[in-house]
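Trainee: This is the structure, below, for whatever I ask next.
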Amino acid sequence: MKRLNFTLDADTIQLLNELAATYYNGNKSQTVRAALESLATHVRHDGWIITGFTPVVIDDEAYCHTCHTHYEEGNVLLRPVFERGQGPNALSHLPSEVWLECSQCAEQNY
Ligand SMILES: [Zn+2]
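Each residue of the sequence shown is one higher than the one before, counting from 446 in our numbering.
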């Protein structure tokens, strides 16, 4: 056991108090633990996550997967590299369609 100190805003404290009172006999440590376990099951999806990008010169017109901007052949777009991993956006299956991102979307979203 270890004692942690952290600061919560008034709304969060109120929520913690309500949840603790309703579900855990007022035990806040138990409430925080349950909240973290719940969060972990929600965000830790096992699957395929994007871990990087490979630049490709497109040999036909293409669209950005995220912003749907149209690009003519000869432009450089980025092809995602998928690896097994955990994350909120993990895909359960590798995509079977062509997936290309423009550099802006790749920088902003990954
Ligand atoms: Zn884009």
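A virtual CB, placed ideally from N, CA and C, is assigned to each residue, including glycine. Here the structure is a predicted model, which means the values were calculated and not measured.
#1: Quickly, what does DSSP pair Tyr-508 with across the bridge? List them, please.
#2: Please name the residue or residues paired with Gly-530 in a DSSP beta bridge.
#3: Which one of Gln-549, Asp-505, Arg-448, Pro-525 has the shortest CA to CA distance from Leu-539?
#4: Residues in its own chain within less than 7 Å of Cys-512 by CB, not counting five upstream and five downstream?
#5: Run the proximity test for Thr-499: is its beta-carbon closer than 6 Å to any non-hydrogen atom belonging to ligand 1?
#6: Three-state secondary structure (DSSP) at Thr-467?
Mentor: Reading from the atomic positions:
#1: For the purposes of this step, residue 508 is taken as residue 63 along the sequence shown, with counting starting at 1. Tyr-508 is bridged to His-515.
#2: Stepping through the sequence shown from its first residue, residue 530 is reached at position 85. Checking the DSSP bridge columns, you'll see Gly-530 partnered with Gly-492.
#3: Sequence index remark: in the sequence shown, residue 539 carries index 94 (1-based). Answer by Cα proximity: Pro-525.
#4: Start at 1 with the first residue of the sequence shown, and residue 512 comes out as number 67. Short of 7 Å from the beta carbon of Cys-512, and not among the five residues preceding or following it, lie these beta carbons of its own chain, in chain order: Cys-547, Cys-550.
#5: Looking up residue 499 in the sequence shown gives position 54. Outside the cutoff, so no.
#6: Position 22 of the sequence shown, counting from 1, holds the residue named residue 467. Secondary structure of Thr-467 (DSSP, three-state): helix.
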